[in-house]
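At position 230 of the sequence shown the residue is numbered 237 (the working numbering), and the sequence of numbers has no breaks. Each remark here refers to the structure printed beneath this line.
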Amino acid sequence: MEMLTHSFTYASRTQRVVFAPGALQAVEAEAEFLGSKRALVLCTREQRDLGAKVADLLGKRAVGVHDRAVMHVPGDVAQEASRVAKEVDADYLVAVGGGSAIGLAKAMVLNTGLPILAIPTTYAGSEMTPIYGLTDGGEKRTGKDWAVLPKAVIYDPDLIHSLPVGAAVASALNAMAHAAEALYAVDANPISSLMAEEGIRALRRALPLFGSPDGEKQRAARSDALYSAWLCGTVLGQVGMGLHHKLCHTIGGSFNLPHAETHAVMLPYALTYNASAAPLAMSRIAAALNARSAPKEIVRLARAAGAPLSLRDIGMKERDLDRACDLVMLGQYPNPRPLEKTAIRKLLQSAYNGVLVESSETRLLEA
């Protein structure tokens, strides 16, 4: 049996996580435990009703609901929300929703220093990371600051069950991307790798049952996927990401593409690009998926679940591919394979067309 030589650095971070069906009902007790007396609830307009429900559950501790969170956190939106937080003298931000609401809260931390209690309703995983993003002038920039990591997270599987199947699948594949890239990260460690593999396995179990006519199986699958999202989000916060995340943040923020769907489309292409430079990681991803080829299996899962399969499907314009490539190449990024402009441009074209090229063999995703 081959022995591995280990070399790594591991740093743990303090964060409170409450995971249970119905956990939302305890949000007021959680706020009390955290010491919050004046909490501002953040959400999107689409989730205003849920935000209002959270405010009701917080009772006298709630000082308002701010429902202006949007994708990719425009800088002016973050500034306005920070102004509102100061006006109501908030001492805590309660972010309810997916990456838009939690991303807004993180951006506000940079302006206000207020702590966050996150209540995720998707599998995005932002609640477990110190990563933030802001979009200005049509370009998205990301950063890392441990100050923006939520102090506590309430995972309530009951909040996931109403998520439409298409949105749930895209969000789950977004979570899978965190785990997949964690396995070839330059700063990977044994704990992050174990969590990544378990996260991928859980999603592999769950995805085929998201649209099951058996209500109990569907609920169990979505709960299993939320468990996976916690694992995948944790590894996203612990280690650096590679090409896949650079591609998605660049083209998503610059061309206003839907976040989760962009990740869902791009994952098999990014893995194919890195396959020859990270064979051990690719074999671990494939094993967790119970498949011979990780990219092919991800495409199969996406197709079976009705997820988008190309950039064209989610609104990308072919005329923008050259600019997207130029933006991706602006700075090198830690990645198993160096970023090569010609190869990246081909990758983007393949993703636009919905054609996965693997081992010199072209396969049509729609076939």
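Beta carbons are placed, not taken as given, at the ideal position from N, Cα and C, and that holds for glycine.
What does DSSP give as the partner residue(s) for ARG148 in the beta ladder? LEU141
Residues near ALA69 by beta carbon distance below 7 Å, same chain, minus five either side: Within the same chain, ALA69 has close Cβ partners ALA46, VAL48, ALA62.
Selection from GLY104, LEU100, MET336, ALA85 that minimises the alpha carbon distance to ALA350: MET336
Taking the alpha carbon of ALA1 as the point to measure from, which residue in PRO164, TYR17, ALA85 has its own alpha carbon closest? Residue numbering for the chain in the displayed model covers 8 to 374; residue 1 lies beyond these limits and cannot be assessed.
Determine the direct distance from the alpha carbon of GLY66 to that of GLN103, and round the result to whole angstroms. For clarity, residue 103 is Val in the given sequence; the question names Gln instead. Their backbone Cα atoms lie some 16 Å apart in a straight line.
Distance between ALA131 and ASP56 (C-alpha atoms, nearest Å): 21 Å
Beta-carbon gap between LEU318 and ALA309 smaller than 8 Å: No, they are not a contact pair.
With a Cβ-Cβ cutoff of 8 Å, do SER219 and ALA228 count as a contact? yes
Is PRO302 closer than 8 Å to LEU363 when the C-beta atoms are compared? By the CB criterion at 8 Å, LEU363 and PRO302 fall inside the cutoff.
When the Cα of GLU53 is compared with those of PRO122, ALA38, THR128, which residue comes out closest? It is THR128.
When the Cα atoms are used, what is the spatial distance from ALA76 to GLU94? Their Cα atoms are separated by approximately 18 Å.
Just to confirm my understanding: we take THR241, look at its own chain, exclude 5 residues before and 5 after, and list those with CB closer than 7 Å. What are they? MET135, MET202
State yes or no: is the beta carbon of GLY206 nearer than 8 Å to at least one beta carbon in chain C? Looking for chain C here will not work: only one protein chain is present.
Give me whichever residues DSSP pairs with TYR162 in a beta bridge. PHE26
On a Cα-Cα basis, can you pick out the residue from LEU111, ASP98, TYR99 that is closest to ALA85? LEU111
Looking only at its chain, what residues have a beta carbon closer than 7 Å to the beta carbon of SER199, apart from the 5 residues adjacent to it on each side? ALA189, VAL242, GLN245, VAL246
What are the uninterrupted segments assigned as alpha helix (DSSP H) that are 4 or more residues long and contained completely in the region 281–310, given in chain order? 286–295
What residue from ALA114, SER169, GLY145 has the CA that sits closest to TRP153's CA? ALA114
Contact check, HIS270 vs LEU180, beta carbons under 8 Å: yes
Per DSSP, the bridge partner or partners of TYR99: Per DSSP, the beta bridge partners of TYR99 are ALA46.
Note down the Cα distance separating HIS13 from ASN196, rounded to an integer number of angstroms. 9 Å
8 Å contact criterion, which PRO345 and TYR191 should meet: CB distance rounded: Not quite, the Cβ-Cβ distance comes to about 14 Å (not below 8 Å), so this is no contact.
Can you tell me whether DSSP reads PHE15 as helix, strand or coil? coil
Could you please give me the residues that DSSP links to GLY104 through a beta bridge? In the DSSP output, where bridge partners are listed per residue, GLY104 has PRO127.
Nearest-angstrom Cβ-Cβ length linking PRO157 and GLN22, presumed shorter than 8 Å: The Cβ separation is near 7 Å, so the contact holds.
Considering ALA175, what are the terminal residues of the beta strand (DSSP E) in which it resides? Where ALA175 is concerned, there is no enclosing beta strand (DSSP E), although the alpha helix (DSSP H) it sits in stretches over 172–189.
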